[in-house]
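Visitor: Can you read through this structure? Questions will come right after.
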Amino acid sequence: MGITFLKGHGTQNDFVLLPDPDATLDLTEERVRALCDRQRGIGADGVLRIVRTSALPADVRGAVGSASGWFMDYRNADGSIAEMCGNGVRVFARYLVDAGLVDASEFVVGSRAGDRPVVVNADRSVTIDMGKAAVTGTSAATLAGTRYAGIAVNVGNPHLVTTLDTDVAELDLTRQPDVDPADFPHGVNVEFLNRLGDDVLRMRVFERGVGETRSCGTGTVAAAAADLYADGEDTGTRIVRIPGGEVTVRVQPSGATLTGPAVILAEGVLNDDWWSDPA
Numbered sequence: 037m038g039i040t041f042l043k044g045h046g047t048q049n050d051f052v053l054l055p056d057p058d059a060t061l062d063l064t065e066e067r068v069r070a071l072c073d074r075q076r077g078i079g080a081d082g083v084l085r086i087v088r089t090s091a092l093p094a095d096v097r098g099a100v101g102s103a104s105g106w107f108m109d110y111r112n113a114d115g116s117i118a119e120m121c122g123n124g125v126r127v128f129a130r131y132l133v134d135a136g137l138v139d140a141s142e143f144v145v146g147s148r149a150g151d152r153p154v155v156v157n158a159d160r161s162v163t164i165d166m167g168k169a170a171v172t173g174t175s176a177a178t179l180a181g182t183r184y185a186g187i188a189v190n191v192g193n194p195h196l197v198t199t200l201d202t203d204v205a206e207l208d209l210t211r212q213p214d215v216d217p218a219d220f221p222h223g224v225n226v227e228f229l230n231r232l233g234d235d236v237l238r239m240r241v242f243e244r245g246v247g248e249t250r251s252c253g254t255g256t257v258a259a260a261a262a263d264l265y266a267d268g269e270d271t272g273t274r275i276v277r278i279p280g281g282e283v284t285v286r287v288q289p290s291g292a293t294l295t296g297p298a299v300i301l302a303e304g305v306l307n308d309d310w311w312s313d314p315a
């Protein structure tokens, strides 16, 4: 019979989508790692499993608000579970509309970080209510022997945002930056920024459980919030340019929104034999 999958990306942060409305798939860490492997699998930065909220186990359903009809079960490329993914929510929302699983352009997507209201715009870009971007303190990341001071921001998942005077394009992000485990016991996404102007940032990111990615949605929100905080502000708009494109982030004390593209590029069927033994 095979298992249906789709491939999508948001500013080139790419995902395998697995429609599983009744939560029947046994999505093990090994299967996630194999799916995301770019040689032995489909290749992706993560997996988005599409599940009806009503089909979730009780311990997961408790994190999701009653407004959510659909839950984004997000897994990093290493098989670990993540709370949120801003680019993933956009792709997830685009799929729900294209597949006719929702009949409105405004609805709510559930995640482990809570409900995320979304708007699928006429051009199929998606705007997400990302909730509050909370500055939680300061810390530092060390990369290739250089220490970079940063601002810690929580966007439903943890981030450390550093601003550089040197060009972020020159960084070697093939290795994970070192951070203080006391500050980030569950790991952290590390963003490196250049200010290009009052309202424009260039960003590269090393995502926990993945490595460097072409984009990170929650990371762009964290970057905008940290940049405003460094200026003594808590309200404003930033254009964030990442290797995979460009997004717009609007930050207010009550919450932040993220607007950017969402692309579904392919659909196929996974072989049952491969699913049973993803070698």
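Using the working numbering, the letters of the sequence shown correspond one by one to residues 37 to 315. Built from N, CA and C at the ideal position, the CB exists for glycine as well.
#1: Buried or exposed for residue 203, please, with buried defined as at least 16 other CB atoms from any protein chain shown within 10 angstroms of its CB.
#2: Quick one, which of 167, 265 and 242 has its alpha-carbon nearest residue 125's?
#3: Closest to residue 199 by CA distance: which of 176, 96 and 88 is it?
#4: Kindly list the residues whose CB is nearer than 8 Å to the CB of residue 216, restricted to its own chain and excluding five residues on each side of it in sequence; keep chain order.
#5: Can you tell me whether residue 188 is buried or exposed? The criterion is at least 16 other CB atoms within 10 Å of its CB, across all chains shown.
#6: In chain order, which beta strand (DSSP E) runs of at least 3 residues are fully inside the segment 191 to 259?
#7: If you check the beta carbons only, do residue 108 and residue 84 fall under 7 Å apart?
#8: Just to check my reading of the structure: residue 151 and residue 226 have Cβ atoms closer than 8 Å, yes? What is that Cβ distance to the nearest angstrom?
#9: Reducing DSSP to helix, strand and coil, say where residue 169 ends up.
#10: From residue 97 to residue 297, what does the alpha carbon distance come to, in whole angstroms?
#11: What are the complete beta strand (DSSP E) segments, minimum 3 residues, inside the segment 71 to 146?
#12: Identify the continuous beta strand (DSSP E) that holds residue 309 and give its terminal residues.
#13: The beta strand (DSSP E) with residue 281 in it runs from where to where?
#14: Shortest alpha-carbon distance to residue 253 belongs to which of 313, 275 and 314?
#15: List the DSSP bridge partners of residue 184.
#16: Inspect the beta-carbon positions of residue 241 and residue 194 and report whether they are closer than 7 Å.
Guide: On the basis of the supplied data:
#1: Counting other Cβ atoms within 10 Å of its Cβ, residue 203 stays below 16 and is therefore classed as exposed.
#2: Nearest option by C-alpha distance: 167.
#3: Of the candidates 176, 96 and 88, 176 places its Cα closest to the Cα of residue 199.
#4: The answer, listed in chain order, is 175 and 176.
#5: Its Cβ being crowded by 16 or more others within 10 Å, residue 188 is buried.
#6: Within the segment 191 to 259, the complete beta strand (DSSP E) runs of at least 3 residues are 194 to 199, 225 to 233, 236 to 243 and 247 to 249.
#7: For residue 108 and residue 84, yes; Cβs fall inside 7 Å.
#8: 27 Å between Cβ atoms; not a contact.
#9: In the three-state reduction of the DSSP assignment, residue 169 falls in the coil class.
#10: Within the model, the alpha-carbon separation for residue 97 versus residue 297 is close to 28 Å.
#11: Every beta strand (DSSP E) stretch that sits fully inside the segment 71 to 146 and reaches 3 residues is listed by chain position as 82 to 88 and 106 to 112.
#12: Residue range 308 to 312 is occupied by the alpha helix (DSSP H) that includes residue 309, with no beta strand (DSSP E) assigned at that position.
#13: 281 to 288 is the extent of the beta strand (DSSP E) around residue 281.
#14: The closest CA to that of residue 253, considering only 313, 275 and 314, is found on 275.
#15: 177.
#16: The criterion of a C-beta distance shorter than 7 Å is not satisfied by residue 241 and residue 194.
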